[in-house]
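**Q** In my numbering, the protein residues as written are 13 to 359.
Where is the CB? At the ideal position from N, CA and C, for every residue including glycine.
In this text the structure is predicted, and so the values were computed from the model without any measurement.
The following block contains the structure, expressed as structure tokens.
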Amino acid sequence: MGFVGMVTDTDSTMTDSSESGDLSTTAEKVRLPHDQSGMLWFEDQPTALFLESIDRWTRTLLEDDGFVPVGASKLTVRARVVAKEAGTLCGVHVVNRLLDVHLPHINRAWQAREGGHFQSGDVILILDGTPRDILSVERIILNFLGRLSGISTLTEKWTKGLSGMKVASTRKTSWGLLDKWAVHVGGGLTHRLRKGDAVMIKENDQIALREGEESRSKETMKRWIETTEFKWHGSFTVIEVDSISLALTVAKSWCNRMMETDENRPLVIMLDNMGPVKTKEAVMDLKSHGYNEWIYTEASGNVKFEDIDEWKITDVDVISTSKLNMGVSSIDMSMLLDDEGIREIVS
Numbered sequence: 013m014g015f016v017g018m019v020t021d022t023d024s025t026m027t028d029s030s031e032s033g034d035l036s037t038t039a040e041k042v043r044l045p046h047d048q049s050g051m052l053w054f055e056d057q058p059t060a061l062f063l064e065s066i067d068r069w070t071r072t073l074l075e076d077d078g079f080v081p082v083g084a085s086k087l088t089v090r091a092r093v094v095a096k097e098a099g100t101l102c103g104v105h106v107v108n109r110l111l112d113v114h115l116p117h118i119n120r121a122w123q124a125r126e127g128g129h130f131q132s133g134d135v136i137l138i139l140d141g142t143p144r145d146i147l148s149v150e151r152i153i154l155n156f157l158g159r160l161s162g163i164s165t166l167t168e169k170w171t172k173g174l175s176g177m178k179v180a181s182t183r184k185t186s187w188g189l190l191d192k193w194a195v196h197v198g199g200g201l202t203h204r205l206r207k208g209d210a211v212m213i214k215e216n217d218q219i220a221l222r223e224g225e226e227s228r229s230k231e232t233m234k235r236w237i238e239t240t241e242f243k244w245h246g247s248f249t250v251i252e253v254d255s256i257s258l259a260l261t262v263a264k265s266w267c268n269r270m271m272e273t274d275e276n277r278p279l280v281i282m283l284d285n286m287g288p289v290k291t292k293e294a295v296m297d298l299k300s301h302g303y304n305e306w307i308y309t310e311a312s313g314n315v316k317f318e319d320i321d322e323w324k325i326t327d328v329d330v331i332s333t334s335k336l337n338m339g340v341s342s343i344d345m346s347m348l349l350d351d352e353g354i355r356e357i358v359s
């Protein structure tokens, strides 16, 4: 069924070798609870959670795109995915899953690894199969690789620019866990993947939690921290604050709870829309009170890449922004069929 020079299915050697160690969870390298990548990648392979997400998005794109047979079904051709600009590759495992499940007869050989760098003109992927099979998923493969590589490329730009400060995505996503994976590949932190990973108490939640005569978030959050059973609340808690005063109240109540109950649960205080100057002041105040044993600080809201030099001196533990993945330009790639490599399939 092959022809001279047919590419063998080498994704196991190209993408699942020791190179893939770069893709494993970075939880061992950071102390922040924001790294949930271990729920997507474990023991050198995608987790069931990640594969289920890939399958859902793949089905959706296949159904939306439809299928109109083009080309012969008894010929085999070679196709190359070529980058038209430089970037950081993401989407290898997504495309592998697409082909494994829906078009297992297409052979592929990756010329770049997940998380690897490529330049304009580089061949990313070589495919061998029938024209009908390859063309049926041409656009979907390019969409996967282009969008996810766009996210990983931009995330890497942020991580390098922050010079060691951590950056995390938010739950504002277009492609759910696929966006989160691309952020991870680019060196960012996933933050929580789903609501169950961590309880996040934001402004609307604080209003909804008010009881009786409570009129301020300070009173509500103090009571909530003192009385809530956290057993089923995921691995950490996030509480949004918009002032230094509320941050100190929340931190004090949390640390008192941890000491009184002998619990050891991390709290992330999300400093929302406070800007670099107030954020730095809040972090200094929290540390001066000795609250940093259980408390992590996260700056969020209107964080822009052009302001990262100001954020780097705030001493905040992590910044989070939806700009890593929302509105990101896809990396331009194209798929080209080799017109000299057409061969008839021998049955």
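Measure how close the beta-carbons of S181 and S332 come, nearest whole angstrom, since I'm counting them as under 8 Å.
**A** S181 to S332, Cβ: 7 Å. Contact.
**Q** Report yes or no: do three or more beta-carbon pairs, one from the stretch 316-331 and one from the stretch 294-302, lie closer than 8 Å?
**A** Taking 8 Å as the limit for Cβ pairs, the verdict is that the stretch 294-302 does touch the stretch 316-331.
**Q** According to the neighbour-count rule (16 or more other Cβ atoms, all chains shown, within 10 Å of its Cβ), is S30 buried or exposed?
**A** Only weak support exists for where S30 lies, its pLDDT of 33 falling under 50; the value from the coordinates is given anyway. With fewer than 16 other Cβ atoms within 10 Å, it is exposed.
**Q** Closer than 8 Å is the cut-off here; do at least three beta carbon pairs connect the stretch 43-52 with the stretch 198-212?
**A** Cβ pair count under 8 Å is three or more, so yes.
**Q** Using three-state DSSP, classify M26 as helix, strand or coil.
**A** Here M26 scores only 42 on pLDDT, less than 50, and its place in the model should not be relied on; the value that follows carries that caveat. Correct three-state label for M26: helix.
**Q** Report the residue from E150, T273, A91, E223 whose alpha carbon sits nearest the alpha carbon of L362.
**A** For residue 362 there is no data in the structure shown, the boundaries of the chain being 13 and 359.
**Q** Could you compute how far the alpha carbon of V330 sits from the alpha carbon of F54?
**A** So the alpha carbons of these two residues sit roughly 24 Å apart.
**Q** From this set, D140, R144, K96, which residue's C-alpha is nearest F130's C-alpha?
**A** Nearest of D140, R144, K96 to F130, Cα basis: K96.
**Q** In whole angstroms, what is the alpha-carbon distance linking E241 and R235?
**A** Answer to the nearest angstrom: the Cα atoms are 12 Å apart.
**Q** Does F54 come out as helix, strand or coil in the three-state DSSP assignment?
**A** F54 falls in the strand class under three-state DSSP.
**Q** I'd like the list of long-range same chain contacts for A263, defined as Cβ closer than 8 Å, with 5 residues on each side in sequence excluded.
**A** Result list for A263: L279, I281, L298, H301, Y303, I307, in chain order.
**Q** Tell me where the alpha helix (DSSP H) around I146 begins and ends.
**A** That run of the alpha helix (DSSP H) goes 143-148.
**Q** Secondary structure at V358, three-state DSSP: helix, strand or coil?
**A** Bear in mind that a pLDDT of 49 at V358, under 50, signals an unreliable position, so the number given afterwards is only what the model happens to contain. Coil at V358, not helix or strand.
**Q** In three-state terms, what does DSSP make of L110?
**A** If DSSP states are grouped into helix, strand and coil, L110 belongs with the helices.
**Q** Which of the three DSSP states is assigned to T326 in this structure?
**A** Coil at T326, not helix or strand.
**Q** Hey, A220 and H245: beta-carbon distance below 9 Å or not?
**A** Result no, Cβ atoms of A220 and H245 do not sit closer than 9 Å.
**Q** Count the other C-beta atoms from every protein chain shown that fall within 10 angstroms of the C-beta of S312, then say buried if there are 16 or more, exposed otherwise.
**A** Classification of S312: buried, given that the 10 Å Cβ count is 16 or more.
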